[in-house]
Structures are given as structure tokens and as C-alpha cells.
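>
Protein chains: 2
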Amino acid sequence: METKTGNIIIEKIKESKITKVDFSNLPFGKVYSDHMLVCDYKDGAWQAPRIMPYGPVSLDPSAKIFHYGQSVFEGMKAYKDAEGRAWLFRPEENQKRLNISSKRISIPELPKEIFMEGLTTLLKLEKDWIPTTPGSSLYVRPFIFASGSGLHASPADQYKFFIVCAPSGPYFAGKIKVLIEEKYSRAANGGVGYAKAGGNYAGQFYPTQLAQDKGYQQVIWTDDNTHEYIEEAGAMNIFVRINDTLMTSPVSDRILDGVTRKSVIDIAKAEGIPVEIRKIRVEELISASKNGSLKEMFGAGTAAVISPVSGFGHRESDYSLPELENSYAALLKKRITDIQYNKAEDPFGWRFQVG
Amino acid sequence: METKTGNIIIEKIKESKITKVDFSNLPFGKVYSDHMLVCDYKDGAWQAPRIMPYGPVSLDPSAKIFHYGQSVFEGMKAYKDAEGRAWLFRPEENQKRLNISSKRISIPELPKEIFMEGLTTLLKLEKDWIPTTPGSSLYVRPFIFASGSGLHASPADQYKFFIVCAPSGPYFAGKIKVLIEEKYSRAANGGVGYAKAGGNYAGQFYPTQLAQDKGYQQVIWTDDNTHEYIEEAGAMNIFVRINDTLMTSPVSDRILDGVTRKSVIDIAKAEGIPVEIRKIRVEELISASKNGSLKEMFGAGTAAVISPVSGFGHRESDYSLPELENSYAALLKKRITDIQYNKAEDPFGWRFQVG
Chain A
4 METKTGNIII EKIKESKITK VDFSNLPFGK VYSDHMLVCD YKDGAWQAPR
54 IMPYGPVSLD PSAKIFHYGQ SVFEGMKAYK DAEGRAWLFR PEENQKRLNI
104 SSKRISIPEL PKEIFMEGLT TLLKLEKDWI PTTPGSSLYV RPFIFASGSG
154 LHASPADQYK FFIVCAPSGP YFAGKIKVLI EEKYSRAANG GVGYAKAGGN
204 YAGQFYPTQL AQDKGYQQVI WTDDNTHEYI EEAGAMNIFV RINDTLMTSP
254 VSDRILDGVT RKSVIDIAKA EGIPVEIRKI RVEELISASK NGSLKEMFGA
304 GTAAVISPVS GFGHRESDYS LPELENSYAA LLKKRITDIQ YNKAEDPFGW
354 RFQVG
Chain B
4 METKTGNIII EKIKESKITK VDFSNLPFGK VYSDHMLVCD YKDGAWQAPR
54 IMPYGPVSLD PSAKIFHYGQ SVFEGMKAYK DAEGRAWLFR PEENQKRLNI
104 SSKRISIPEL PKEIFMEGLT TLLKLEKDWI PTTPGSSLYV RPFIFASGSG
154 LHASPADQYK FFIVCAPSGP YFAGKIKVLI EEKYSRAANG GVGYAKAGGN
204 YAGQFYPTQL AQDKGYQQVI WTDDNTHEYI EEAGAMNIFV RINDTLMTSP
254 VSDRILDGVT RKSVIDIAKA EGIPVEIRKI RVEELISASK NGSLKEMFGA
304 GTAAVISPVS GFGHRESDYS LPELENSYAA LLKKRITDIQ YNKAEDPFGW
354 RFQVG
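Chains as they are written, first to last, in our numbering: chain A, 4 to 358; chain B, 4 to 358.
In C-alpha cells:
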């Protein structure tokens with residue numbers, strides 16, 4: 004049976020799958036909620052969005068997504084507080100960035116109203132799917148791909164925007180050991196590295212696998228020209244603490260403008276932590292590690308929030324990071340998740356209630 | 004009704020669509036033949052391939068192709084000669100390159116037998132779909148994408164290999180005008196530029212559109228670091244003739260090892276044309292254009308075969324190429340297509356009969 008909320012037609016699932024899910028033992032991004040949002044672009048315009056039972060999508064084998072990688076996505080999380088209210092974190096940042104990514108990949112920009120109304124309507128409906136066990140949340144994945152078909156290497160004439168939801172546990176278990184990569188690269192100058200475009204991720208799998216075979220969990224990407232500067236940590240932004248100064252690389256056309264990254268910068272500044280946004284040399288990390296001034300490294304991103312690094316490899320050497328009692332990573336993670344879960348004041352106005 | 008040819012199960016279409024197709028007026032890659040080949044990777048192995056009616060594929064919305072751009076493809080053409088025999092051109096080169104691309108994108112390599120037997124069995128069945136009007140051919144598109152689902156940024160556990168066929172006219176009509184790109188880039192050092200990976204193409208659409216808005220048809224990609232060297236022409240390799248010497252950029256991890264590219268090099272050498280495989284500076288093109296020694300530029304690739312360039316733009320200037328009576332582009336195109344259509348001897352052993 005179909006109903007309508009605002010501009011969105013809703014077809015509800017006949018029987019919820021929720022009782023079959025073990026909410027105390029959730030993987031990351033493998034269990035999906037009952038409903039999804041779908042919106043089609045055709046005839047030169049985004050059409051009316053619909054919410055329907057989560058289920059398969061049927062595509063022509065010549066749909067351009069299969070051939071030319073024309074896709075963009077966002078990653079978000081919904082949290083539930085002690086009173087059972089549902090919250091998002093800075094969703095308008097994701098909305099803006101989705102269109103920035105789309106522009107670079109020649110995907111038609113999605114009207115803000117479709118994104119925001121679709122997101123909030125879907126999350127109101129899926130509120131029971133937001134887990135409450137510590138460290139867990141409802142991972143929300145908006146994405147757009149080229150559904151129009153044709154074997155000519157040119158933009159498609161049809162696209163599909165989806166939002167799917169996955170109740171999820173933590174992305175990484177514990178600290179990660181990373182390898183500074185000097186052969187493979189993530190992004191070119193003038194390329195698509197700043198966009199959350201599908202192709203940016205597929206290209207990382209092989210070098211990451213090579214690093215994993217050597218005992219590391221993630222790769223630290225360096226610039227493709229000199230490999231002298233660190234840029235990102237796997238699919239996260241990278242932070243480094245030398246003495247008491249927190250540093251991160253500036254965003255560029257090679258580096259994603261992460262929502263967690265900029266939130267961490269703002270929180271750190273509010274905490275009185277000296278923050279430097281500047282290019283960070285690999286040599287600087289190594290000498291700081293040797294002289295004891297390298298205190299911390301961590302990745303920052305929506306999926307992992309803040310992921311502390313236990314050590315890094317460079318060429319044939321391994322460098323360990325100290326165990327700190329009062330780490331910036333722990334402090335910043337507590338501050339940001341307390342805002343996300345509505346456990347603390349939100350001086351920045353980042354929390355966004357959805358139900 | 005199902006039959007079996009070799010290792011391949013064949014389910015034939017009930018009624019062919021072929022009579023509905025206007026073979027005298029074919030677009031490129033928009034009309035598809037009756038059948039396609041499908042082969043699944045699951046449980047750690049490529050399964051038995053099947054030929055079935057061309058039709059939609061059903062996927063979970065969390066299939067990794069939609070999120071992480073994990074896909075590779077090949078482009079090939081089948082030709083029919085005056086006696087009605089069907090031919091491919093160097094198909095084993097495509098088979099090898101597909102696996103080279105797959106390895107970089109963390110897609111499991113496809114056994115050669117599945118590729119070659121699948122290809123030849125499908126083309127025998129689709130032989131009537133090979134057009135015979137001049138300049139036309141059956142465009143053959145083998146491709147693999149990640150069908151396994153999950154919102155974790157890591158390789159999928161399931162993949163699909165398809166071969167689809169599209170009777171096609173020429174890719175470009177006439178000569179093309181190109182713009183030397185100095186802001187956007189196609190590939191990074193240590194990136195995936197040498198792979199026929201989907202994401203390489205999506206990233207080209209926007210800069211190409213900007214060039215088209217200025218009156219050019221394609222972009223000449225330069226290296227992402229200095230923009231001083233030309234690398235590729237749109238989705239083709241690039242050739243330049245200065246005086247009587249034919250030049251092309253060496254392949255690298257940024258440049259595709261094109262089958263047409265290496266065939267052109269071999270034919271040119273056999274014709275006694277001096278060939279230089281070396282990096283080509285933008286400045287060299289401009290000064291050669293000014294002093295009259297720049298005779299020709301052309302793109303080379305399977306879809307367009309050889310695509311002559313009428314002129315190029317650089318910054319705010321345009322440079323015209325002369326009209327030559329005996330161009331290398333025309334000679335080389337005739338030599339290569341005469342081999343492809345079985346109109347001439349094949350001293351290189353490139354032709355491959357399929358039916």
C-alpha cells in the first residue's frame with residue numbers, strides 16, 4: 004500500500020526483517036534496513052523520489068555504471084540518544100559534497116530538497132534500525148550512478164539516486180598499523196581525488212591488499228609526483244601530532260574535504276590544541292619518530308570516526324607510536340561522538356534531529 | 004530451450020530482433036544483438052559461462068560496482084569479409100589486457116579459456132549481426148564488475164563477466180579538433196591509467212565537456228605533474244607526425260597499452276616509416292606547427308581505429324594541421340582495416356577467424 008509524506012511516495016514493506024537481526028553483534032555495512040529511497044534522473048530532470056522495500060535493482064548490461072565508473076556517494080551515520088531521539092551529523096555538508104563530486108563526474112546535480120527530504124523521511128521510517136550498543140550506529144549511504152545505457156564513452160542520459168541504511172558496528176577493531184606507500188598513488192593533480200567517486204576506491208584495493216599481505220591494515224597515500232608528502236590514510240583523512248601540535252594536510256584536488264576532518268579541526272581548536280593545516284613530509288614523520296616528538300597519528304572519516312595508528316612502515320623499517328594516557332585521538336573521538344550521540348552540548352550546531 | 008556448445012550452455016532467444024534494425028544507419032554502441040555471454044565469480048572461482056538472450060541484470064543496491072567503481076572492460080570489433088566469414092583482430096591481446104586491468108583493480112583474473120571460448124561461441128551465434136556497410140563492424144564489449152554487496156570499502160566477493168555485442172557505425176564522423184589540457188588530468192603516477200578501468204573514463208567526461216563547450220571534440224591529456232608532455236587523446240592513444248617521422252608516447256603506468264597503437268607502430272615500421280616512441284613535449288608540437296614541420300596528428304584506438312586531428316588548441320591559441328594528399332593516417336588506416344576486413348594479406352598473423 005502506498006502513502007505519501009511531503010513529496011515522497013512511500014511503499015512500506017509487508018513484514019519487517021528487524022527481528023532477524025542480532026543488534027548486539029553487527030558487522031559494518033552488511034545488514035540492510037527494511038526500506039530504501041530511490042530517485043530517477045531522466046528526460047533531463049530528477050523525478051519524484053520514492054521510498055520502497057530494500058530490494059534489487061534491474062539494469063541493462065550496457066548501463067554506463069558497468070563500463071565507465073560514473074558514480075558518486077556519501078557516507079553518513081544516524082545515532083540514537085538515551086531518550087530515543089534520532090540524530091544526524093552535519094547532513095548538509097554531505098549534501099553539498101555529493102553535488103561537488105557529481106559535477107566532477109558529469110552527473111547532474113541533485114536538488115537539495117530531494118536529498119534532505121528523502122534522507123529525513125527515510126530515517127524517520129527506519130528509526131527502529133538505529134542501533135544503541137556502544138560504537139554502533141545506522142550507517143547511511145546516499146549514492147548516485149549512471150543507469151542510462153550505451154557503449155560510447157560519454158556521460159549517461161539516466162541516473163539513479165539511492166539512500167540505503169545499514170545498522171553497523173565499528174569499522175575497525177582497535178588500532179591500525181599503516182604503510183607509507185611510495186609506488187602506488189590514489190590521485191592525480193587535476194584528477195578526481197577530492198570527489199567521493201567510485202573509481203577512487205577501486206584503485207586503492209590492490210595496493211591496500213599488498214600492504215595487508217605485509218601485516219599492515221591500511222596505506223598512507225603520498226603525492227603521486229614525489230611521494231614525499233602524506234595525503235590520506237586509506238579512505239580517511241590523516242592527522243599527525245608532533246609534540247603538542249596537531250597537523251593535517253590541506254585539502255586539494257587530490258584530497259577529500261572530509262566532514263570528520265573539518266569537525267576534528269574545529270573541536271581541537273576549541274579545546275585549545277595548536278592546529279597546523281600544512282603539507283606534512285614523510286621525512287618529518289620519521290625524524291619526529293626517531294627523536295620522540297611524534298606522539299600520535301590517526302585517521303578521520305565518517306565510517307571509522309577516529310582511527311588511531313599504532314605504528315607505520317616506510318620502506319623496510321617500522322616505526323612505533325607510543326601509548327599515551329591522554330591522547331588527542333581519544334579526547335577528540337569522545338568530543339565528536341558525544342555530540343553525535345547527543346551526550347553533550349553542541350556548540351557548533353552540528354547535530355540535526357530527524358525523529 | 005538450452006543446448007551446450009563445448010563448455011558453454013546456450014539459451015537461444017525465441018525471436019530475433021535483427022529484422023527491426025536499420026543496418027544502413029547504425030549509431031555506435033546503442034543497438035545490441037540478440038545474445039550475451041554471462042559468467043559469475045563466486046565461492047572463490049569463476050563458474051560455468053552461459054549464453055542467454057540479451058536482457059537486464061538484477062543487482063543488490065549495495066553491490067560494490069555502484070559504490071567503489073570496481074570494473075574493467077575491453078573493446079573489440081568483429082568484421083565480416085566479402086565471402087561472409089567473420090573475423091576478430093588480435094583477441095588474445097584483449098584477453099591478456101583484461102587480466103592486467105583486473106589485477107590492478109583487485110578483480111580475480113578470468114581464465115583465458117572462458118574468455119576465448121565464450122567470445123568465439125558468442126560470435127558464431129551472433130554472426131548475422133556483423134554489419135557489412137563500409138566503416139561498420141560488430142563492436143564487442145567484454146566487461147567485469149563487482150556484483151558482491153557490502154558498504155565496506157574493500158574488494159567484492161562476487162563478480163560478473165559479460166560479453167555484449169553492438170552492431171555499430173563509425174565512432175567519430177570526420178576529423179576531430181582537440182584541446183591540450185593543462186588543468187585536469189587523466190591519470191596519476193602509480194595510479195590506474197594503464198588499466199581499462201571504469202573510473203578512468205568517468206573522470207574524463209567533465210574536462211571533455213568543457214573542451215566541447217569551447218568547440219573541441221576531444222582533450223589531449225598531458226602528464227599531471229608538469230602538463231608539458233602529451234599522453235593520450237581522449238580515450239585513444241596519440242600519434243604525431245613531424246616531417247616524415249611518426250611519434251607516439253611510450254606506454255607507462257599512466258598510458259594504456261592500446262592494441263591499435265601497437266598495430267599502427269608495427270605497420271608503420273613495415274611500411275618503412277621512421278617511428279619514434281618517446282615522450283613528446285607540447286612545446287615541440289607548437290614550434291613544429293609554427294615552422295610547418297608538424298604534418299599530422301591522429302588518435303588510435305579500437306572504437307575509432309584511426310581518428311585524424313584537424314587542429315589543436317593550447318591555452319588561447321589554435322593550431323591548424325595541413326590537409327595532406329598522402330597522409331600517414333589514411334595509409335595506416337587502410338592497411339589496418341584491410342587486414343581487419345580480410346581485404347589484404349595478414350603478414351603479422353593478427354586476424355582471427357571466428358566463423
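Ideal Cβ placement from N, Cα and C applies to all residues, glycine included.
Do we get a CB-CB distance below 8 Å when we pair residue 212/A with the residues of chain B?
Position 209 of the first sequence, counting from 1, holds the residue named residue 212/A. Residue 212/A counts as touching chain B.
> Around the Cβ of residue 100/B, are there at least 16 other Cβ atoms within 10 angstroms (buried) or fewer (exposed)?
Against the second sequence, residue 100/B aligns to sequence position 97. Buried, since its Cβ has 16 or more Cβ neighbours within 10 Å.
> Quick one: which residues of the segment 135–155 of chain A get their C-beta closer than 7 Å to a C-beta of chain B? List them in chain order.
142, 144, 146, 148, 153, 154, 155
> From what residue to what residue does the beta strand (DSSP E) around residue 163/A run?
Along the first sequence, read from residue 1 onward, the residue named residue 163/A stands at position 160. Run containing residue 163/A: 162–171, per the beta strand (DSSP E) assignment.
> Of all the CB atoms in chain B, is at least one closer than 8 Å to the CB of residue 71/A?
As a first step, residue 71/A is located in the first sequence; it is residue number 68 there, counting from the start. With 8 Å as the cut-off, residue 71/A counts as an interface residue toward chain B.
> Take the Cβ of residue 351/A as the centre, count every other Cβ of all protein chains shown within 10 Å, and call the residue buried at 16 or more, exposed below.
As a position in the first sequence, residue 351/A is number 348, starting the count at 1. Residue 351/A should be labelled exposed.
> Quick one, which residues of the segment 157–174 of chain A are near chain B if we go by CB-CB under 7 Å, in chain order?
157, 158, 165, 167, 169
> Note down, one range per segment and in chain order, each alpha helix (DSSP H) of at least 4 residues found wholly within the segment 178–265 of chain A.
201–216
> Under 8 Å between the Cβ atoms of residue 94/B and residue 128/B?
If you number the second sequence from 1, residue 94/B lands on position 91. If you number the second sequence from 1, residue 128/B lands on position 125. For residue 94/B and residue 128/B, no; Cβs fall outside 8 Å.
> What are the residues in the segment 31–50 of chain A lying within 9 Å of chain B by C-beta distance?
31, 32, 33, 35, 39, 41
> Tell me, to the nearest whole angstrom, how far the beta carbon of residue 29/A is from that of residue 172/A; I am working on the premise that it is less than 8 Å.
The sequence position of residue 29/A within the first sequence is 26, counting from 1. The sequence position of residue 172/A within the first sequence is 169, counting from 1. Confirmed, about 4 Å.
> Applying a beta-carbon distance threshold of less than 9 Å, which residues of chain A neighbour residue 106/B?
In the second sequence, the residue the question calls residue 106/B occupies position 103. The answer, in chain order, is 209.
> For residue 285/B, collect the residues of the same chain with a Cβ closer than 8 Å to its Cβ; drop the 5 residues on either side in sequence, then sort them by chain order.
Residue 285/B sits at position 282 when you count from the first residue of the second sequence. These residues qualify, in order along the chain: 183, 225, 230, 231, 232, 233, 317.
> According to DSSP, is residue 55/B part of a helix, a strand, or is it coil?
Start at 1 with the first residue of the second sequence, and residue 55/B comes out as number 52. Residue 55/B falls in the strand class under three-state DSSP.
> Would you report the Cα separation of residue 111/B and residue 250/B, rounded to the nearest angstrom?
Within the second sequence, residue 111/B is the residue found at index 108, counting from 1. Within the second sequence, residue 250/B is the residue found at index 247, counting from 1. Approximately 35 Å between the Cα atoms of the pair.
> Would you decide whether residue 105/B is buried or exposed? Buried here means 16 or more other CB atoms lie within 10 Å of its CB.
As a working mapping, residue 105/B is identified with position 102 in the second sequence. Residue 105/B is buried by the Cβ-count criterion.
> Our contact map puts residue 315/B next to residue 199/B with C-beta atoms below 8 Å; I'd like the distance itself, whole angstroms only.
Walking along the second sequence from the start, residue 315/B turns up at place 312. Walking along the second sequence from the start, residue 199/B turns up at place 196. Contact doesn't hold; Cβ gap of about 25 Å is too wide.
> Whose C-alpha, out of 243/A, 303/A, 313/A, is nearest the C-alpha of residue 288/A?
As a first step, residue 288/A must be located in the first sequence, where it is residue number 285. Answer by Cα proximity: 243/A.
> In this structure, how does DSSP classify residue 136/B when only helix, strand and coil are distinguished?
Here the question's residue 136/B lines up with position 133 in the second sequence. Three-state DSSP puts residue 136/B in coil, outside helix and strand.
> Quick check: the Cα distance between residue 280/B and residue 353/B, rounded to an integer number of angstroms?
Position 277 of the second sequence, counting from 1, holds the residue named residue 280/B. Position 350 of the second sequence, counting from 1, holds the residue named residue 353/B. A straight-line Cα-Cα distance of about 22 Å links residue 280/B and residue 353/B.
> Does residue 311/B come out as helix, strand or coil in the three-state DSSP assignment?
If you number the second sequence from 1, residue 311/B lands on position 308. Three-state result, residue 311/B: strand.
> Can you tell me where the alpha helix (DSSP H) holding residue 301/A begins and where it ends?
Start at 1 with the first residue of the first sequence, and residue 301/A comes out as number 298. That residue, residue 301/A, is in no alpha helix (DSSP H); its beta strand (DSSP E) goes 297–304.
> Please confirm whether residue 331/A has its beta-carbon closer than 8 Å to some beta-carbon of chain B.
On the first sequence, position 328 is the one that residue 331/A refers to. False, the Cβ-Cβ gap to chain B never drops below 8 Å.
> What do you get for residue 259/B, buried or exposed, if any count of 16 or more other CB atoms within 10 angstroms of its CB means buried?
Along the second sequence, read from residue 1 onward, the residue named residue 259/B stands at position 256. Buried, by the Cβ-count rule.
> Go through its chain and collect everything with a Cβ distance to residue 282/A's Cβ below 8 Å, but skip five positions before and after it.
The residue you call residue 282/A lines up with position 279 of the first sequence. Answer for residue 282/A: 232, 252, 253, listed in chain order.
> My parser needs the beta strand (DSSP E) runs of 3 or more residues fully inside the segment 64–107 of chain B; what are they?
As far as the segment 64–107 of chain B is concerned, its whole beta strand (DSSP E) runs of at least 3 residues are 74–76, 79–83, 89–92.
> Judging by CA-CA distance, which residue of 162/A, 264/A, 192/A, 79/A is the nearest neighbour of residue 109/A?
The sequence position of residue 109/A within the first sequence is 106, counting from 1. Cα-wise, what sits closest to residue 109/A is 162/A.
> Using a Cβ cut-off of 9 Å, which residues of the segment 76–90 of chain A contact any Cβ in chain B, in chain order?
76, 78
> Determine whether the Cβ of residue 177/B lies closer than 8 Å to any Cβ atom of chain A.
Within the second sequence, the letter at position 174 stands for residue 177/B. At least 8 Å separates the CB of residue 177/B from every CB of chain A.
> For a quick check, are the C-beta atoms of residue 151/A and residue 237/A less than 8 Å apart?
Counting from 1 along the first sequence, the entry for residue 151/A is found at position 148. Counting from 1 along the first sequence, the entry for residue 237/A is found at position 234. Their beta carbons are not under 8 Å apart, which means residue 151/A does not touch residue 237/A by this criterion.
> Alpha carbon to alpha carbon, how far is residue 91/B from residue 347/B? Give it in angstroms, no decimals.
In the second sequence, residue 347/B corresponds to position 344, counting from 1. In the second sequence, residue 91/B corresponds to position 88, counting from 1. Taking the straight line from one Cα to the other gives about 15 Å.
> Give me the Cα-Cα distance between residue 341/A and residue 323/A, rounded to the nearest whole angstrom.
One-based indexing of the first sequence puts residue 341/A at position 338. One-based indexing of the first sequence puts residue 323/A at position 320. The straight-line gap from Cα to Cα measures roughly 29 Å.
> State buried or exposed for residue 319/A, treating a residue as buried only when at least 16 other CB atoms are found within 10 Å of its CB.
Indexing the first sequence from 1 puts residue 319/A at position 316. Result: exposed.
> At the level of alpha carbons, what is the spacing between residue 82/A and residue 134/A?
In the first sequence, residue 82/A corresponds to position 79, counting from 1. In the first sequence, residue 134/A corresponds to position 131, counting from 1. Spanning the two alpha carbons is a distance of roughly 8 Å.
> According to DSSP, is residue 36/A part of a helix, a strand, or is it coil?
The count along the first sequence starts at 1 and reaches residue 36/A at position 33. In the structure shown, residue 36/A sits in coil (DSSP, three-state: anything other than H, G, I, E or B).
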